[in-house]
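Novice: The listed protein sequences correspond, in order, to chains A and B. Residue numbering for the first sequence follows my numbering, beginning at 34 and increasing consecutively. Residue numbering for the second sequence follows my numbering, beginning at 34 and increasing consecutively. Cβ coordinates follow ideal geometry from the N, Cα and C atoms, glycine included. These numbers were taken from a predicted model, which means no experiment stands behind them.
There are 2 protein chains.
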Amino acid sequence: MTLAQLGADVIRIDPIGGNIDISRWPLAPGGTSLYWASLNKAKRSVALALNTPQGQELATALICAPGAGGGNLLTNLPSGGWMSYQKLSARRSDLIMMRLTGTPSGGTAIDYTVNCASGFPLSTGTGEAPVNHVLPAWDVTAALYLSTGFLAAERARKATGQGQEVTLALSDVMLATVSNLGYVADVQINNAVRPPLGNSLYGAFGRDFATADGRRIMLTAISNRQWRAIGKATGLTERIAMIGPMMQVDLDDEGGRFEARHAIAALLEPWFARRTLAEITATFEGSGILWGPYQDFGQLVRDDPQCSPANPIFADISQPGVGKLMLNTQPLGFSETGRVPPAGAPSLGEHTESVLTEILGLPSAEYARLHDAGVVAGPQSH
Amino acid sequence: MTLAQLGADVIRIDPIGGNIDISRWPLAPGGTSLYWASLNKAKRSVALALNTPQGQELATALICAPGAGGGNLLTNLPSGGWMSYQKLSARRSDLIMMRLTGTPSGGTAIDYTVNCASGFPLSTGTGEAPVNHVLPAWDVTAALYLSTGFLAAERARKATGQGQEVTLALSDVMLATVSNLGYVADVQINNAVRPPLGNSLYGAFGRDFATADGRRIMLTAISNRQWRAIGKATGLTERIAMIGPMMQVDLDDEGGRFEARHAIAALLEPWFARRTLAEITATFEGSGILWGPYQDFGQLVRDDPQCSPANPIFADISQPGVGKLMLNTQPLGFSETGRVPPAGAPSLGEHTESVLTEILGLPSAEYARLHDAGVVAGPQSH
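1. With three or more beta-carbon pairs closer than 8 Å as the criterion, would you say the region 118-134 of chain A touches the region 89-104 of chain A?
2. Could you please give me the residues that DSSP links to Gly242/A through a beta bridge?
3. Are Tyr327/B and Ile250/B close, meaning C-beta to C-beta below 8 Å?
4. Report yes or no: is there a C-beta of chain B within less than 8 Å of the C-beta of His415/A?
5. Can you list, in chain order, the residues of its chain whose CB lies under 6 Å from that of Ala75/B, leaving out five sequence neighbours each side?
6. Taking 7 Å as the cut-off, is the CB of Ala348/A close to at least one heavy atom of the ligand ZN?
7. Identify each residue in the region 80-92 of chain B for which the Cβ-Cβ distance to at least one residue of chain A is less than 8 Å, and report them in chain order.
8. I'd like to confirm the pairing. Which residues does DSSP put opposite Phe347/B in its beta bridges?
9. Identify, in the order they occur along the chain, each residue of the same chain with its Cβ nearer than 8 Å to the Cβ of Gly102/B, setting aside the five sequence neighbours on each side.
10. Could you have a look at Gln87/A and say whether DSSP puts it in helix, strand or coil?
11. Is Trp324/B buried or exposed, if buried means 16 or more other CB atoms sit within 10 Å of its CB?
12. Just to confirm my understanding: we take His415/B, look at its own chain, exclude 5 residues before and 5 after, and list those with CB closer than 8 Å. What are they?
13. Short of 9 Å Cβ to Cβ, which residues in the region 137-160 of chain B face chain A?
14. Any chance you could list the alpha helix (DSSP H) runs of at least 4 consecutive residues sitting entirely within the region 157-201 of chain B, in chain order?
15. Around the Cβ of Ile351/A, are there at least 16 other Cβ atoms within 10 angstroms (buried) or fewer (exposed)?
16. Would you report the Cα separation of Pro169/A and Tyr145/A, rounded to the nearest angstrom?
17. Out of Asp219/A, Asp405/A, Thr108/A, which one is the CA nearest neighbour of Pro62/B?
18. Pick from Asn257/B, Asn344/B, Ser397/B: whose alpha carbon is nearest that of Gly372/B?
19. Ala101/B versus chain A: which residues are under 9 Å apart at the beta carbon?
20. By Cβ distance, which residues of its chain are closer than 8 Å to Val388/B, with the 5 residues on each side in sequence left out?
21. Under 8 Å between the Cβ atoms of Gln119/B and Glu369/A?
22. Take Val211/A and list the residues in its own chain whose beta-carbon comes closer than 7 Å to its own, dropping the five residues that flank it on each side.
23. Got a sec: is the Cβ-Cβ distance from Trp127/A to anything in chain B below 8 Å?
24. Can you name the residues that DSSP bridges to Gln352/A?
25. Is Pro364/B near Ala209/A, with beta carbons less than 8 Å apart?
26. Give every residue of the same chain whose Cβ lies closer than 7 Å to the Cβ of Arg272/A, excluding the five residues on either side of it in the sequence, and list them in chain order.
27. Count the other C-beta atoms from every protein chain shown that fall within 10 angstroms of the C-beta of Leu81/A, then say buried if there are 16 or more, exposed otherwise.
28. Please go through the same chain and pick out, in chain order, the residues whose beta-carbon is closer than 6 Å to the beta-carbon of Thr134/A, but skip the five residues on each side of it.
29. If you measure from the beta carbon of Asp283/A to each beta carbon in chain B, is any gap under 8 Å?
30. Could you tell me how far apart the beta carbons of Gly236/A and Leu252/A are, in whole angstroms, since I believe they sit closer than 8 Å?
31. With respect to the alpha helix (DSSP H) encompassing Ser78/B, which residues constitute its N-terminal and C-terminal limits?
32. Taking the beta carbon of Thr181/B as the centre, do at least 16 other beta carbons fall within 10 Å, making it buried, or is it exposed?
33. Specify the secondary structure class of Met131/B as computed by DSSP and reduced to three states.
34. Nearest to Gly8/B by alpha carbon, out of Phe317/B, Ala225/B, Thr244/B?
35. Kindly list, in the order they appear in chain A, the residues whose Cβ is closer than 7 Å to that of Glu292/B.
Shown next, in the form of structure tokens:
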């Protein structure tokens, strides 16, 4: 989807009736999947009887279509049979095939089963039990590794004419990320397993605080400038300065502020508890403090001006089976090539006829014959 | 770092003494930052007095160096002054400048202050209080958008000769992701704010279970095949089948299994509570069940065979100031161009002399003069 949102013509090929995600929750009142609509934006959709030799041949012809538009496939299906790299690259030698698997050996795994092994659930929350984060972070990360990897492989192909198979295991995405963030090194070098710290930052000062009106805010200080801004805005500079000698730490050091975090919080908690979110917002305005209010998905959508069509990554779009809906494009802005505006998702099979006609040169009568034979399907309600 | 791990020559330019992340926790016993070492792998490091006109001129010359190696800059610093796109592109018109900001208007934000606004903390855990996930998912996602965006901009430059400024706001990374996952649509269309579900999946069956030996496992079923495998392996098929009529749901449907999740869990809980992790592992082997044990960062590093040099994304590397350490490369595998092996991080300023000599053709005597004048610095212990 990211590549489609960057301007590529991305064609999703599904079996007739849809794949396993076609009716995934959440659903619109009419039963159309909002999940599917949100994750297939800006693509074209083709529905073929992939369990028949004819459907497989049409898919192969599309994947291996001559010219710059063809020769690329991204899949998370098993690589055997007609969809193997071997079979497809015999048809088009410069094929780039991106294949996402659960494990490096091709085993099955999903975000949840990779996440439980990552160490994060046992480091999230307060430690009574593992806490799964709700954000499917490994799926999101894998998708962006795939878009990076495709562009890298296409760059290499432009230089050498050579295609290739690019593989990515969801478990390796997790392992690389855990290692990139220093958690592996901390165990190896210090024998230290990061404990759950609730909502506190590790290695710097940051925590959530409750307000007088039942809201919560996240307050952080990374730089010394941000740190001093907290004392200045709250009028607590002198009392905060007492914490350094009291806790025997250097409060001009990120690590020192982390070590003294409970004492710092003890001073700040009553300050926040006596003020409403609106009062805090007014006081912190222009102060250079790094903070923000917690909001739920409803508050985000209804109250946050950034989550609206005023933000150029969003636009109101009429989505088949759903109605008018605010959808987004990818978040990168390009000063010269511009941002591809937000686009909606297709309905399943919406482009079957136009794609087969345009790319494979299929005559109308032949499309009608394949349609009646159940090999291809046009737009279906879902 | 991802681009360096894909084979690019990535040069990080720091002020002498290092930037704010140079001593970020966790630290090795000697004080070297394991965080810095983990996040700067495969790069070269140059240290310049960036607060002096001479240091700024050297940095500008490096960024705008002629040839295919120059003309690219990634920064999260304010875009004013000598480092503005305007100033730098006047020196090299095909410059690609990637700029990461907190908000679209250039405001400050970090992973934590973006995350509290995302809706996820109030949807994670069991609902008594917001739960910050520990994984800095927005930073990870932003980094991969940047690598995708750079390759897209470089692809456009190859076609047209035109460079550009590419901007990315961390807040937009969050907003695009929340919207991609259907949370925005669910509020807009259904007025539904996803409630915290503990460790349960939304819209399908999945949950954690405690074992007889004090461990926990994550069990999920997305496809019907995976769902039926649970009944078969546990011997509970017939009793599970009673749940459909009892709860009046279709258990052959993902959503039906989600609606009946408490009844399903009530049946499965005692089964897991009577068995050790080893017994469960033996029973589930080859069953097609989608599951995994929870492990902390220590168990991951010590016990998981995938988190070891047996996995080609990892290798033991001697890291300056730290010693031997297992570090990783990026997780994509390329059948033709191969995987760039894992590489360590530089020490700060390790490549100042070689880079200035090689890229700018600086004579040794001139380097020595700049060094003595404090404009450049070689390797520093940190």
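Specialist: In this structure, then:
1. yes
2. Correcting the residue identity first, residue 242/A is Phe in this sequence and not Gly. Answer is Ile250/A.
3. yes
4. Confidence at His415/A is low in this model, with a pLDDT of 49, below 50, so its placement is unreliable and no value can be given for it.
5. Ala37, Gln38, Ala376
6. By its list of ligands, the structure shown contains no ligand whatsoever, and the ligand ZN lies outside what it can speak to.
7. none
8. Asn361/B
9. Asp42, Ile392
10. helix
11. buried
12. Any answer about His415/B is weak, because its pLDDT of 49 lies below 50 and its placement is not dependable; what the coordinates show is given next. Excluding positions up to five away in sequence, the list reads Gly51, Ile55, Ser56, Gly64, Thr65, Ser66, Trp69, Gly354, Ser380, Leu381.
13. Pro137, Thr141, Ala142, Ile143, Tyr145, Thr146, Val147, Asn148, Cys149, Ala150, Ser151, Gly152, Phe153, Pro154, Leu155, Ser156, Thr157, Gly158, Thr159
14. 170-193
15. A small fix is needed here, since residue 351/A is Ser in this sequence, not Ile. Counting Cβ neighbours within 10 Å, Ser351/A comes out exposed, since fewer than 16 surround it.
16. 8 Å
17. Asp219/A
18. Before going further, note that residue 372/B is Arg rather than Gly in the sequence given. The candidate whose alpha carbon is nearest that of Arg372/B is Asn344/B.
19. Chain A residues near Ala101/B: none, gap ~11 Å exceeds 9 Å.
20. Ile44, Arg77, Val79, Leu95
21. no
22. Ser151, Gly152, Val217
23. Note that residue 127/A corresponds to Asp in the displayed sequence, not to Trp. Answer no: the Cβ-Cβ gap between Asp127/A and chain B never drops below 8 Å.
24. Gly356/A
25. yes
26. Leu300
27. buried
28. Ala202
29. no
30. So it is not a contact: roughly 16 Å between Cβ atoms.
31. Per DSSP, Ser78/B belongs to no alpha helix (DSSP H); it is in the beta strand (DSSP E), 77-81.
32. buried
33. strand
34. Not covered by the structure: residue 8/B. The range shown for chain B is 34 to 415.
35. Those within 7 Å of Glu292/B in chain A number zero; the least Cβ separation is about 10 Å.
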